[in-house]
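Shown next, in C-alpha cells, is the structure this report addresses.
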Amino acid sequence: MDFPSTVRVAALSGEPVFVFNKTSSGTTISGIEGKFLQILAEKLDFQFEIVSPLDGKWGNLMDDGTWSGIIGMVARGEADMGLTYLAIMEDRSKVVDFSAPYYTIDRTFVTDKPGLLPKYAVFLYPFELKVWILFFILLVIAPLLMRTSISSRAHFIPRLSDCLRQPFRLICRKQSIEGSILRATWLIAETFITFIYSSVLLSFLLVPLQDRGIKDFHEMAEAVQKGNFKCLAPEGSVDVPLMLKSNSSYLNILGKVIKQKNWLYQSRNFNSNRAIGNNLALLGPRLILQSRYGIPPLTTKFISEDSIVEMSTAVALKKGFCCKTRLDDVILRIVSGGLFQKLVDEKLFKTRTHLSSATSSKTTTKALTISEVYGIFLLLLLSYITSFLLLIGEIFYKRRTIMKS
C-alpha cells in the first residue's frame with residue numbers, strides 16, 4: 002500500500018524539539034524533530050499538515066477517561082501521527098500505536114547554580130571536619146609523648162609550645178635516641194601538613210567555591226517537605242503521574258506535593274536566559290534542559306545527574322495507520338545511520354558555542370582582594386585578642402598571688 006500523500010501531524014511548537022510557524026505562504030518548521038519530520042517526508046514522499054492541540058499538552062489521561070494534548074488528537078483521529086518528544090507508555094499504547102523508537106528521554110531537574118561559600122571560613126575548607134579533629138587530637142597526643150620521652154616531670158604547655166613554634170628547636174636540644182626519632186617524625190608530619198594545607202588553601206582562594214546545593218531527587222523531596230525548596234513540573238507532562246506511580250517513596254511524596262500545590266509552569270514559553278530563582282527547581286527532559294542551559298562545564302545552570310525514569314521516544318500513530326511498517330523501516334535506518342543523533346549533537350553544539358562565547362567575553366583576571374582573605378585576618382585578630390586577655394588575666398593573677406603572700 003502506498004504511503005498517504007498528505008499526513009496530518011499533531012505537534013507542539015517549542016525549542017529545541019519542534020518549532021513551526023504558519024504564514025500565508027505556508028508552514029516553516031525547524032528544531033530537532035522538525036528536521037526529523039522533513040527527512041521522513043522526503044524518504045516516504047508525503048506532504049504534511051501541522052496541527053496543534055488547543056490545550057498545549059503532550060497527552061495525559063483525564064478523569065473522564067479521555068485523553069488530552071497530542072495523544073488525544075491522534076486517538077480521536079484528528080491527526081494521523083504525533084511528534085514532539087513523545088514517550089512510549091503503556092496507558093498511551095491502549096489508544097494509539099507507536100512507531101519504532103528513535104531516541105530516549107529521561108526526566109530530571111534544573112536549578113540555578115548554588116551560591117558561593119562564605120569567604121570568612123575559607124581557612125577551614127582545605128580539610129574536612131574529620132581531618133581537623135584528627136589534627137587537634139595529634140596536637141594533644143604529641144606533647145604528651147614528648148613529655149614522656151624527655152621526663153615525666155616536664156610540663157605539658159612547654160611541650161605544646163615546642164610543637165607549635167619553630168620545629169628545628171626540637172631537634173637541636175640534647176635528647177635520647179627515642180626522643181630524637183619522635184621529634185623527627187613530628188617534624189616530617191608537620192612539614193607535609195603545612196605544604197598540603199598551603200597549596201589547597203591557595204587553590205580555594207583562586208577559584209570561587211560553590212555550595213553543594215540539591216543534587217538528586219531524594220534531597221529534593223526532603224527540601225520540599227521542609228518547605229525550603231519549590232519544584233515545578235511542566236504543565237501537561239508525565240512527570241507527576243510517573244512520580245505518583247513510582248516505587249520510590251520520596252518520588253511519591255514529591256509528586257503528591259506538586260499535585261496538591263499545583264506547582265506547574267509553561268515549559269515551552271519559559272525564557273532560558275533569565276534566572277530560575279532562589280530555592281526553585283524545574284522538572285523536564287534532560288535533552289531539552291541541556292539544549293537550553295548547556296552541558297557542564299559550559300552551562301549557566303545546574304542539571305542533576307539523577308532522573309525519575311528513562312523511556313523511549315517514538316512517533317504516535319492513530320490505530321490502524323496503513324503504513325506503520327514502512328515508517329518503522331525508514332526510522333530504523335535513520336537511527337542506525339546516526340542521523341537523529343547528528344541532529345541532537347548539532348543543537349547541543351550551538352548551545353555550547355553560544356555559552357562559550359558568552360563566558361569568554363566575561364572572563365577577567367584580577368588579584369586577590371581583602372574580601373577573599375579577611376577570614377584569615379579575622380582569625381588572627383581574634384587570636385591576638387584572646388592572647389591579650391590571657392596576658393591581662395595572668396598579670397592580675399600574679400599580683401593577687403603576691404599580695405596574698
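Going by the numbering used here, the sequence shown opens with residue 2, and the numbers climb by one from there.
C-beta: ideal position from N, C-alpha, C; glycine also.
Taking every protein chain shown into account, the CB of residue 334 has fewer than 16 other CB atoms within 10 angstroms, so this residue is exposed.
In this structure, the straight-line span from the alpha carbon of residue 212 to that of residue 114 is close to 9 Å. Rounded to the nearest whole angstrom, the CA to CA distance from residue 188 to residue 195 is 11 Å. By the C-beta density criterion, residue 192 is exposed, having fewer than 16 other C-beta atoms within 10 angstroms.
Residue nearest to residue 353 within the set 332, 309, 296 and 378 is 296 (criterion: CA-CA distance).
Taking the Cα of residue 36 as reference, the smallest distance to any Cα among 79, 304 and 84 is reached at 84.
The alpha-carbon separation between residue 80 and residue 231 amounts to approximately 37 Å.
With contact defined as three or more Cβ pairs closer than 8 Å, the segment 314-326 and the segment 121-141 are not in contact. The beta strand (DSSP E) runs of length 3 or more contained entirely in the segment 230-299 are, from start to end of the chain, 231-235 and 281-286.
The C-alpha of residue 319 lies about 15 Å from the C-alpha of residue 67.
By the neighbour-count criterion, in which 16 or more other beta carbons inside 10 Å mark a residue as buried, residue 77 falls on the exposed side. When the alpha-carbon of residue 62 is set against those of 33, 92, 38 and 39, the nearest one is in 92. With three or more CB-CB distances shorter than 8 Å, the segment 231-247 counts as touching the segment 262-269. Spanning the alpha carbons of residue 95 and residue 116 requires a straight line of approximately 46 Å. Taking C-beta separations shorter than 7 Å and ignoring five residues to either side along the sequence, the partners of residue 104 in its chain run 314 and 341, following chain order.
Less than 8 Å separates the beta-carbon of residue 51 from that of residue 21. For residue 218, the enclosing alpha helix (DSSP H) has its first and last residue at 218-226. Shown here, residue 95 sits in coil according to DSSP, grouped into three states, outside any helix or strand.
Comparing alpha carbon positions, the residue from 246, 252 and 357 closest to residue 298 is 357.
Here residue 208 is exposed. Its C-beta has fewer than 16 other C-beta atoms within 10 Å. Inclusion of residue 97 and residue 302 in the CB contact set at 8 Å is not warranted, their separation being larger than that value.
Counting other Cβ atoms within 10 Å of its Cβ, residue 184 reaches 16 or more and is therefore classed as buried.
In this structure residue 317 is in contact with residue 71, their Cβ atoms being roughly 7 Å apart against a cut-off of 8 Å. Between the alpha carbons of residue 59 and residue 15 lies a distance of about 12 Å. Looking at 264, 281, 321 and 73, the one whose alpha-carbon comes closest to that of residue 215 is 281.
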